[in-house]
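Student: Residue numbers (the working numbering): 15 to 275. Glycine included, each C-beta is placed from N, C-alpha and C at the ideal position. The following block contains the structure, expressed as structure tokens.
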Amino acid sequence: MSTVLELKNATKRIDNGLNETKVILDHVNLSIAQGEFVTVLGGNGAGKSTLFNSIAGTLSLSEGELFVNDQNITHFSEEKRAKYFSRVFQDPKMGTAPRMTVAENLLLAMYRGQSRGLRLRKINEQRDFFTKICSEIGNGLEKHLDTPTGNLSGGQRQALSLLMATLTKPELLLLDEHTAALDPKTSKQLMRLTDQQIQEADLTCLMITHRMEDALRYGNRLIVLQKGKIIKDLNKAEKEKLTLQDLLLFFEEEREEIAID
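Quick look at the structure:
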């Protein structure tokens, strides 16, 4: 399988303002192959968000390189990287334009990563298609094509964000704890939808989750971050042997190390 994403010695340092430098991503080497669905676990301050922000271009690396399909994009801007990556955030408000309707948000997503000159919207030509894909979610979103996104429930808004992120197939889908702000029932529904979207479109995905059950149930690879380093990288066969107790043990070991430090 071809390598979609490769990080080589990815490092991020920040100055905390006290003449001290903190390493929040520490020489991370990571390769993700086409079709892999990688779940990411780690405690607070492990470097999960920094990893995602460094991939998406929100943060620049202090050291190291980033490749997509063997192309070096280390110095690409966040806007230039948008043609390769799509992202669903933890906060339902971040992935959509609140004053635009559901249909308008979907239309915007159709042109992700493309140049956006002046053009006719032709939104009515896409209405049947938008109705079809929204109805497949099963939460009534198809009835709200003309509703401003800010008026949707959190679950509907996250489902819309997921649709927008996968409407044009990205090289890599970044799911940044995208169920964390939802109630347990809505979270389970969205995870089932997420898995369905990934499997049907054969997407390559990197998903941060704080729900250990989801880390076990979904994906074909699991990595665990601690202090900016990957301390576990388990393939599908190794992951299938894991229990919830095994995952809890990883974090018990982490707490013990912090106490010793």
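Assuming G169 and L204 are in contact, meaning their beta carbons sit under 8 angstroms apart, how far apart are those beta carbons, in whole angstroms?
Tutor: The Cβ separation is near 6 angstroms, so the contact holds.
Student: Per DSSP, which one or two residues make a beta bridge with E77?
Tutor: Note: E77 sits in a beta bridge opposite T25.
Student: Select from E20, G56, I212, T115 the residue whose C-alpha is nearest the C-alpha of E266.
Tutor: Of the candidates E20, G56, I212, T115, the one whose C-alpha sits nearest the C-alpha of E266 is G56.
Student: Once DSSP output is grouped into helix, strand and coil, what is the label at L207?
Tutor: Here L207 sits in helix by DSSP.
Student: Checking the sheet assignment: what are the DSSP bridge partners for S100?
Tutor: Partner(s): L187.
Student: By the three-class DSSP mapping on this structure, what secondary structure does N138 have?
Tutor: The answer is helix: DSSP assigns N138 an H, G or I state.
Student: Tell me whether D40 sits in a helix, a strand or coil according to DSSP, three-state version.
Tutor: It is a strand residue.
Student: Please name the residue, chosen from E185, L39, M114, that lies closest to R101 on a Cα-to-Cα basis.
Tutor: If we check each option's Cα against that of R101, E185 comes out closest.
Student: Taking the alpha helix (DSSP H) that K124 belongs to, which residues open and close that run?
Tutor: Here the sequence assigns Met to residue 124, which means Lys is not the residue at that position. Per DSSP, M124 belongs to the alpha helix (DSSP H) from 116–124.
Student: Are the CB atoms of L80 and E20 within a distance shorter than 9 angstroms?
Tutor: In this structure, L80 lies closer than 9 angstroms to E20 by Cβ.
Student: Have a look at I28, D216, R171 and flag the residue whose alpha-carbon is nearest the alpha-carbon of A111.
Tutor: It is R171 whose Cα lies nearest to the Cα of A111.
Student: Are the Cβ atoms of D247 and L236 separated by less than 9 angstroms?
Tutor: It is a contact, given that the beta carbons lie within the stated cut-off.
Student: Please report how far the alpha carbon of L176 lies from the alpha carbon of I151, in whole angstroms.
Tutor: Looking at the two C-alpha atoms, the distance is approximately 10 angstroms.
Student: Look up T163 in the DSSP assignment and say whether it is helix, strand or coil.
Tutor: Of the three classes helix, strand and coil, the one that applies to T163 here is helix, per DSSP.
Student: Mapping DSSP to helix, strand and coil, what is D216?
Tutor: Correct three-state label for D216: coil.
Student: Which two residues bound the contiguous alpha helix (DSSP H) that contains R95?
Tutor: That run of the alpha helix (DSSP H) goes 92–95.
Student: So what does L19 bridge to, in DSSP terms?
Tutor: According to DSSP, L19 bridges with I46, V82.
Student: What is the rounded straight-line gap between the Cα of T35 and the Cα of E77?
Tutor: Roughly 14 angstroms separates the two Cα atoms.
Student: How many Å lie between V52 and A96 at the Cα?
Tutor: The straight-line gap from Cα to Cα measures roughly 20 angstroms.
Student: Who pairs with F51 in a beta bridge, going by DSSP?
Tutor: DSSP output for F51 lists C219 as bridge partner(s).
Student: Are the beta-carbon atoms belonging to I46 and L220 less than 9 angstroms from one another?
Tutor: Contact: yes.
Student: Between which two residues does the alpha helix (DSSP H) carrying K243 extend?
Tutor: From DSSP, K243 is part of no alpha helix (DSSP H) but of the beta strand (DSSP E) over 243–248.
Student: Between A117, K107, V37, which has its C-alpha nearest L181's C-alpha?
Tutor: Checking every option, the nearest Cα to that of L181 belongs to A117.
Student: For E93, count neighbouring C-beta atoms within 10 Å of its own C-beta (all shown protein chains included) and say buried if the count is 16 or more, exposed if not.
Tutor: Under this definition E93 is an exposed residue.
Student: Count the other CB atoms within 10 Å of the CB of E191; is the residue buried (16 or more) or exposed (fewer)?
Tutor: Looking at its Cβ environment, which holds 16 or more other Cβ atoms inside 10 Å, E191 is buried.
Student: Is I69 helix, strand or coil when you go by DSSP?
Tutor: If DSSP states are grouped into helix, strand and coil, I69 belongs with the helices.
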